[in-house]
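Some notes on the structure that comes next.
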């Protein structure tokens, strides 16, 4: 490991002398992870710098969240892009809007004298769709700061806190506070700290900001053909997804992919009065239910032949998974479930397998508009989370074959009247091979570097010195084809709390994670590459 | 059978003489069902009178349909009531609006000198909810006259037909054209024909018009306590529901009842990211699917123990069912199904059994707002069509017990967080014993009278002389508790085409049914009681 020469370019130093001393002291401490100083004053001062940055970061994140960002609305995304460019320019980055077949991407670059290598950071600015009426706040795009109540719910702070105080357990609620605007703000504010100290990172920085991640980043891979040179880097760090539930510093060496399919079953051509046709017209909801039921046992294990084929763990892998300090009991309490599904023998193991999930299901109506009818059709949307052993196309085909074996005629189109009259049990099946999984080896030089950066930043914490190593995370980062195309080592550095209700109503960011997120970015920005 | 003395009260006769002759000729024919005259000129003239009444009836029905009538909107129902009162007053009826605990009812009365008995007719003016975007016309409350296209669809007539022409196969599309405003208009226009002839019906008439039938007529039974004297009658005729699919004159001696229940299964407390929790957080859609699947076999036969208990047919019953000219092949073609469910060995038999129907099912979202999440809950709405042998309360309890036997903890409330943490498989179960079935004996004096009236009206048709006798119809007339409370014989005289898309988008009335409906009302209004 090279001693960090962070004061080399520090010619125009103008801040109070104490700041300089703090910075040097910081590096003296963090560059010796084995230091016997458990909590040196310098480390405390670094924490103070981060602490001071929290309210500016909260305000900046709130301003960012205020811009609606569902990528179905192009103009909303363009607003977000303009805002993002301005925020990056403020930090001295040169920004370029990269046009694509769909919505554009933002590329930001900043080089530093003497830096020889480049790290490419990936974020995304778009968010999942919202249905405002399901949120416990007026507007998902107006952040609300809340504290936990005794009942495990959150309520708005009764008064505005002074902008010197931040409680780590407070949470900022709003769409994309965690996924993924929060991490962008963490990086920007870590850059502010570095800049305020007149220091420079030991590598050149490129930042690519996706605008269609929640739609599967359809244009990201295509953009590579056009912009491969501009994106060239030595390493790629993906800052998306949640940390380990312990909120300990986390390095994630892979993520599951995401395939999917939709099935629709059919009853009478139009919904029919259930009195006149109940016991006569076949009900598509029963047919769909039967198909769904055939796919999994009661413990959530997939029954489709071949679904888990090729998955096995060696001893080292088992050790890595065992080292993750998961507390299933706490996860279950957070989810309010009495019993988890039984795929793998613990949470980490469950993520090593592909999953099969009904993400939406509908037949006729259950609320307003519900009627006493035999529905005409029933539809279920599924996702299959992939692991590197399971190819998306093959998995979708396994499901299709399984449905056929249940006695259904499987069509790749909405059935014609003739087909409805000919085949007793019909399914319209629409598959999508989706995004593959990726997994990087823990022992790459990049992995060694990042583990050091984490130990630098957090090695002094009394409880734990090494980061949590996640072999593969459950969620999908659609950046995978992009990683594969750039052909550089990539690691995910997740920063947000796992219980952030990502993709759901009441998404939130725990402020303790804002704090450690800024600190993590700071550690990476100040730890030299090997 | 008494000879009809229809000219007794005909003192103020002022119409052309020929009309009087036609009327007398009509009675000469219809009162001799065994007449050898297959198609007497007089019968033809009666048909001409009905024919002349068709366009006025179409126009009046369109004006009536133009008033939205979902009983969730009280003001809409009040508009309908005002319109209905006016239409009845025009026919010389004295109307009263009967206040109830919910929306009011309309009672209309007209007595005739020498009439000693009273027949109470039941209709309803409210309609099922509409979702306009699912209709093949701009507005479900603006009727559209359509003709069949080659493809089996319907298209709007290319030009307005002259108001002298009515094609029996044309259809008038709009909410409640069949269920149940159409029959009200048929009766009103039959009364117009009687009145134009200066004839009087051989019995006093009471008409009760319900305003909440599609909501289960919650206030109808309660209204009896207050208005029992006003409603007193000797016989009750319910004009609601579809005719036999052959469109032959139909008498229905009972109808199925309708109970129901709602089940909700649970997963994580809030929807969770399917990547991070797929294979770990149990999916409520799979649980709901398993419950639904456990309830029926692949042929649609209910597997819940005791569900079909007590149902058996004697030889006479089998004969009655066998005499109904059902063509299952035609029904299937209309529904676009290759295979019907296998409850009973034919359509009529299937109606003698209780049915179990998923009328709506939902978990998370499948359209806009769909996300890659493990849903938090999944809900299905069921209806159970009842027969006299199956009590609603008992049936709901059988289902509840069955769900418990599948390993679920069944709650009568939304689970508390504590309950979610305690029980692995939870169901919130909400049952509703609903409306019972009724069945009247075919050999009551009332049955004999109505069969005569049908034979009077249609006995000269070349194909069939006797009406189709339906032992029990599939649909539910919520008037049943009312029938039971009045304790008088009741028969349903259905008038509309079975393929009317009742309760669904594109509800319609076949104009041939408007014709025969008016004729049926005319036959009843002019056939003396035994």
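Chains as they are written, first to last, in this note's numbering: chain P, 14 to 543; chain L, 14 to 543. Just so it is clear, CB atoms sit at the ideal spot from N, CA and C, and this is done for glycine as well.
Q: Assign residue 544 of chain P to one of three DSSP states: helix, strand, or coil.
A: Within the shown structure, residues of chain P are numbered from 14 to 543, placing residue 544 of chain P beyond reach of any answer.
(Q) Could you tell me the alpha carbon to alpha carbon distance between residue 148 of chain L and residue 139 of chain P, rounded to whole angstroms? (A) Walking along the second chain from the start, residue 148 of chain L turns up at place 135. Walking along the first chain from the start, residue 139 of chain P turns up at place 126. Each residue's Cα considered, the two are about 36 angstroms apart.
(Q) Along the chain, where does the beta strand (DSSP E) containing residue 377 of chain P start, and where does it finish? (A) Your numbering for residue 377 of chain P matches position 364 in the first chain. First-last of the beta strand (DSSP E) with residue 377 of chain P: 368-377.
**Q.** C-alpha gap between residue 294 of chain P and residue 287 of chain P, whole angstroms
**A.** Taking the first residue of the first chain as 1, we reach residue 294 of chain P at position 281. Taking the first residue of the first chain as 1, we reach residue 287 of chain P at position 274. If I take the Cα positions, the gap works out to 9 angstroms.
**Q.** Collapsed DSSP secondary structure at residue 248 of chain L in the structure displayed
**A.** Reading the second chain from its first residue, position 235 is the one you call residue 248 of chain L. Strand.
Q. With respect to the beta strand (DSSP E) encompassing residue 185 of chain P, which residues constitute its N-terminal and C-terminal limits?
A. By one-based count along the first chain, residue 185 of chain P stands at place 172. Residue 185 of chain P -> beta strand (DSSP E) spans 184-186.
**Q.** Chain-ordered chain P contacts of residue 86 of chain L [CB-CB under 7 angstroms]
**A.** The residue labelled residue 86 of chain L in the question sits at position 73 within the second chain. Here the premise fails: no neighbours, minimum Cβ distance about 12 angstroms.
Q: Less than 8 angstroms between the CB atoms is what I'm expecting for residue 219 of chain P and residue 120 of chain P, so what's the real figure, rounded?
A: Working through the first chain from its first residue, we reach residue 219 of chain P at position 206. Working through the first chain from its first residue, we reach residue 120 of chain P at position 107. Their Cβ separation, rounded to whole angstroms, is 7 angstroms, which keeps residue 219 of chain P and residue 120 of chain P in contact under 8 angstroms.
Q) Which value, in whole angstroms, describes the spacing of the CA atoms of residue 113 of chain L and residue 232 of chain L? A) Locating residue 113 of chain L in the second chain gives position 100, where the first residue counts as 1. Locating residue 232 of chain L in the second chain gives position 219, where the first residue counts as 1. Distance between the alpha carbons of residue 113 of chain L and residue 232 of chain L: 6 angstroms.
Q) Nearest to residue 323 of chain L by CA position, among L:110, L:381 and L:407, is which residue? A) Along the second chain, one-based indexing puts residue 323 of chain L at 310. The shortest C-alpha separation from residue 323 of chain L is found at L:407.
Q.
Am I right that residue 264 of chain L and residue 482 of chain L are in contact with their C-beta atoms under 8 angstroms? What's the rounded C-beta distance?
A. Numbered from its first residue, the second chain carries residue 264 of chain L at position 251. Numbered from its first residue, the second chain carries residue 482 of chain L at position 469. Residue 264 of chain L to residue 482 of chain L, Cβ: 6 angstroms. Contact.
Q: Please go through the same chain and pick out, in chain order, the residues whose beta-carbon is closer than 7 angstroms to the beta-carbon of residue 216 of chain L, but skip the five residues on each side of it.
A: Residue mapping note: residue 216 of chain L aligns to position 203 of the second chain, counting from 1. 128, 130, 131, 132 and 542, listed in sequence order.
Q. Using a Cβ-Cβ cut-off of 6 angstroms (strictly less than) and excluding sequence neighbours within five positions of residue 192 of chain L, which residues of its own chain qualify?
A. Locating residue 192 of chain L in the second chain gives position 179, where the first residue counts as 1. For residue 192 of chain L, where only same-chain residues beyond five positions count, the Cβ hits under 6 angstroms are 515.
(Q) So with CB distances below 7 angstroms, who are the chain P contacts of residue 378 of chain L? (A) The residue labelled residue 378 of chain L in the question sits at position 365 within the second chain. Under the 7 angstroms cutoff, chain P gives 373.
Q. With C-beta atoms as the reference, is residue 296 of chain L less than 8 angstroms away from residue 179 of chain L?
A. For this step, residue 296 of chain L is matched to residue 283 along the second chain. For this step, residue 179 of chain L is matched to residue 166 along the second chain. Contact flag unset, no.
Q: Please name the residue in P:439, P:368 and P:349 whose C-alpha comes closest to that of residue 310 of chain P.
A: Start at 1 with the first residue of the first chain, and residue 310 of chain P comes out as number 297. Among P:439, P:368 and P:349, the Cα nearest to that of residue 310 of chain P belongs to P:368.
Q: Using 10 angstroms around the beta-carbon of residue 548 of chain P, count the other beta-carbons present and answer buried if the total reaches 16, otherwise exposed.
A: Coverage of chain P is limited to positions 14 through 543, which leaves residue 548 of chain P absent and any answer about it impossible.
**Q.** Neighbour list for residue 349 of chain L in chain P, Cβ cutoff strictly below 7 angstroms
**A.** Position 336 of the second chain, counted from the first residue, corresponds to residue 349 of chain L. Neighbours of residue 349 of chain L on chain P, chain order: 281, 282, 430, 433 and 434.
Q.
Taking CB distances under 8 angstroms as the criterion, tell me whether residue 141 of chain L reaches chain P.
A. As a first step, residue 141 of chain L is located in the second chain; it is residue number 128 there, counting from the start. So yes, residue 141 of chain L belongs to the interface.
Q.
So residue 366 of chain P contacts chain L; which residues on that side make the cut at Cβ distance below 8 angstroms?
A. Position 353 of the first chain, counted from the start, is the residue given in the question as residue 366 of chain P. Within chain L, the residues near residue 366 of chain P are 292.
Q.
Once DSSP output is grouped into helix, strand and coil, what is the label at residue 54 of chain P?
A. Translated into the one-based positions of the first chain, residue 54 of chain P becomes position 41. Residue placement at residue 54 of chain P is poorly supported in this model, since its pLDDT is 31, which falls under 50; the coordinates still yield a value, given next. Note: residue 54 of chain P maps to helix in three-state DSSP.
(Q) Please tell me whether residue 298 of chain L has its Cβ less than 8 angstroms away from any Cβ of chain P. (A) Taking the first residue of the second chain as position 1, residue 298 of chain L is located at position 285. Closer than 8 angstroms: yes.
Q: Give a yes or no on contact between the segment 345-364 of chain P and the segment 420-436 of chain L, applying the rule of three or more CB pairs nearer than 8 angstroms.
A: yes
Q) According to DSSP, what are the bridge partners of residue 315 of chain L? A) Residue numbering aside, residue 315 of chain L sits at position 302 when the second chain is read from its first letter. BP columns for residue 315 of chain L point to L:309.
Q. Considering residue 293 of chain L, what are the terminal residues of the alpha helix (DSSP H) in which it resides?
A. As a position in the second chain, residue 293 of chain L is number 280, starting the count at 1. Element bounds for residue 293 of chain L: n/a, residue is neither H nor E.
Q: With DSSP collapsed to three states, give me the class of residue 341 of chain P.
A: The residue given as residue 341 of chain P occupies position 328 in the first chain. Helix, per DSSP.
Q.
What does the alpha-carbon distance come out to for the pair residue 377 of chain P and residue 372 of chain L?
A. Against the first chain, residue 377 of chain P aligns to sequence position 364. Against the second chain, residue 372 of chain L aligns to sequence position 359. Looking at the two C-alpha atoms, the distance is approximately 7 angstroms.
Q | Euclidean distance between Cα positions of residue 282 of chain L and residue 290 of chain P | A | Position 269 of the second chain, counted from the first residue, corresponds to residue 282 of chain L. Position 277 of the first chain, counted from the first residue, corresponds to residue 290 of chain P. So the two alpha carbons sit approximately 37 angstroms from each other.
Q: Go to residue 167 of chain L, then tell me how far its beta strand (DSSP E) extends in each direction, as first and last residue.
A: By one-based count along the second chain, residue 167 of chain L stands at place 154. First-last of the beta strand (DSSP E) with residue 167 of chain L: 167-169.
Q. What three-state label does DSSP hand residue 299 of chain P in the structure shown?
A. Here residue 299 of chain P refers to the residue found at position 286 of the first chain. DSSP places residue 299 of chain P in helix when its eight states are reduced to three.
Q) If residue 268 of chain P sits next to residue 450 of chain P, beta carbons under 8 angstroms apart, how far is it from one beta carbon to the other, in whole angstroms? A) Here residue 268 of chain P refers to the residue found at position 255 when the first chain is read from its first residue. Here residue 450 of chain P refers to the residue found at position 437 when the first chain is read from its first residue. About 7 angstroms; that satisfies the 8 angstroms criterion.
Q) Near residue 404 of chain L, which residues of its chain fall below 8 angstroms by C-beta distance, leaving aside the five closest residues on each side in sequence? A) In the second chain, counting from the first residue as 1, residue 404 of chain L sits at position 391. Same-chain partners within the cutoff: 446 and 449.
Q. Taking the continuous alpha helix (DSSP H) assigned at residue 361 of chain P, which residues delimit it?
A. Here residue 361 of chain P is taken as the residue at index 348 of the first chain, counted from 1. Element bounds for residue 361 of chain P: 360-363.
Q) Does the segment 520-536 of chain P come close enough to the segment 59-73 of chain P that 3 or more CB-CB pairs lie under 8 angstroms? A) yes
Q.
Quick check: what's the CA-CA separation for residue 74 of chain L versus residue 156 of chain L?
A. Start at 1 with the first residue of the second chain, and residue 74 of chain L comes out as number 61. Start at 1 with the first residue of the second chain, and residue 156 of chain L comes out as number 143. The alpha-carbon atoms of residue 74 of chain L and residue 156 of chain L are separated by roughly 9 angstroms.
(Q) Give me the DSSP bridge partner(s) of residue 285 of chain L. (A) As a working mapping, residue 285 of chain L is identified with position 272 in the second chain. DSSP output for residue 285 of chain L lists L:387 as bridge partner(s).
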